[in-house]
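Let me begin by presenting the structure, written as structure tokens, before commenting on it.
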Amino acid sequence: MTNTENYFKVGTIVNTHGIRGEVKIMSITDFAADRFKKGAALQIDTKQGFVPVKVQASRLHKNMWLVLFEGVTNINEIEKYKTHDIYVIGGAREELGDDEYYYNEIIGCRVVDLDGNDIGVISEIMETGANDVWVVARDGQSDALIPMIDDVVKHVDVAGKLVTIDALEGLLD
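Here it is, written out as structure tokens:
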């Protein structure tokens, strides 16, 4: 794995598609239509470093993005990148609105209740459709599931990596 400090994962090449060099990408971004649009600059993470690529064409097919990169004319030129992750460079990320966060800004944040009692650290984010659920790893206890709703999440300090919640009755049981 390469140093990905200023790179942000947007998907994984899960397979090739056809013989003309298209790849199937499983997207993990809310901005997939922008990330994979014609002309978009992406980076393929290889063991030796990043390989810059530019999108020539793309389309959504069965919840996967079929993408053809500029300069790729057949399957043999791209097959070696199967299972590799796709990144964008930090400056290419969309500006988010208030109360919107990138996963990497939330994962690793310490969670405390309104009284400042330590609850744990956010280890992953589950997308449920209605709202995200933050999984909080707790010492010596099962993980807590914190719904990302205004009644529960009271303050998010991205810079300080701290989330304050209102631990409603039964939430941490």
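Each residue of the sequence shown is one higher than the one before, counting from 1 in full-length UniProt numbering. A virtual CB, placed ideally from N, CA and C, is assigned to each residue, including glycine.
Exercise for the section: Within the same chain, show all residues whose beta-carbon is closer than 7 Å to that of Thr128, passing over the 5 residues directly before and after it, in chain order. Expected result: Position 128 of the sequence shown, counted from the start, is the residue given in the question as residue 128. So the list is empty, once near-sequence residues are dropped.
Problem - Exposure label - Ala40; buried when at least 16 CB within 10 Å - result: Position 40 of the sequence shown holds residue 40. It is buried - the Cβ of Ala40 has at least 16 other Cβ atoms within 10 Å.
Problem - Sequence-distant residues of the same chain with beta carbon closer than 6 Å to Ser123, five excluded per side - result: As a working mapping, residue 123 is identified with position 123 in the sequence shown. Same-chain partners within the cutoff: Val135 and Ala137.
Problem - Straight-line gap, Asp45 to Val133 (C-alpha atoms, nearest Å) - result: Residue 45 sits at position 45 when you count from the first residue of the sequence shown. Residue 133 sits at position 133 when you count from the first residue of the sequence shown. Distance between the alpha carbons of Asp45 and Val133 is about 28 Å.
Handout entry: Option nearest Val163 by Cα separation, candidates Met26, Ile19, Gly71 and Val121
Key = Residue 163 sits at position 163 when you count from the first residue of the sequence shown. Nearest of Met26, Ile19, Gly71 and Val121 to Val163, Cα basis: Val121.
Practice task
State the Cα-Cα distance for the pair Met1 and Gln48, rounded to the nearest angstrom.
Solution key: For the purposes of this step, residue 1 is taken as the residue at position 1 of the sequence shown. For the purposes of this step, residue 48 is taken as the residue at position 48 of the sequence shown. Residue placement at Met1 is poorly supported in this model, since its pLDDT is 43, which falls under 50; the coordinates are not used for a value here.
Problem - For Asn3, three-class secondary structure by DSSP - result: Taking the sequence shown and counting its residues from 1, the one referred to as residue 3 is at position 3. Per-residue confidence for Asn3 stands at a pLDDT of 47, beneath the threshold of 50, marking its modelled position as unreliable; no derived number is given.
Exercise for the section: Compare the beta carbon distance of Tyr101 and Val23 with 9 Å and say whether it is the shorter of the two. Expected result: Residue mapping note: residue 101 aligns to position 101 of the sequence shown, counting from 1. Residue mapping note: residue 23 aligns to position 23 of the sequence shown, counting from 1. Contact: no.
Practice task
Determine the burial state of Ala33: buried for a count of at least 16 other Cβ atoms within 10 Å of its Cβ, exposed for fewer.
Solution key: As a position in the sequence shown, residue 33 is number 33, starting the count at 1. Classification for Ala33: exposed.
Practice task
Determine the contact status of Tyr7 and Val67, defining contact as a CB-CB distance below 9 Å.
Solution key: Mapped onto the sequence shown, residue 7 falls at position 7. Mapped onto the sequence shown, residue 67 falls at position 67. No, Cβ-Cβ distance for Tyr7 and Val67 is not below 9 Å.
Handout entry: Cβ neighbours of Ser27 in the same chain (closer than 6 Å, five flanking residues each side left out)
Key = Position 27 of the sequence shown, counted from the first residue, corresponds to residue 27. Answer for Ser27: Gly11 and Trp65, listed in chain order.
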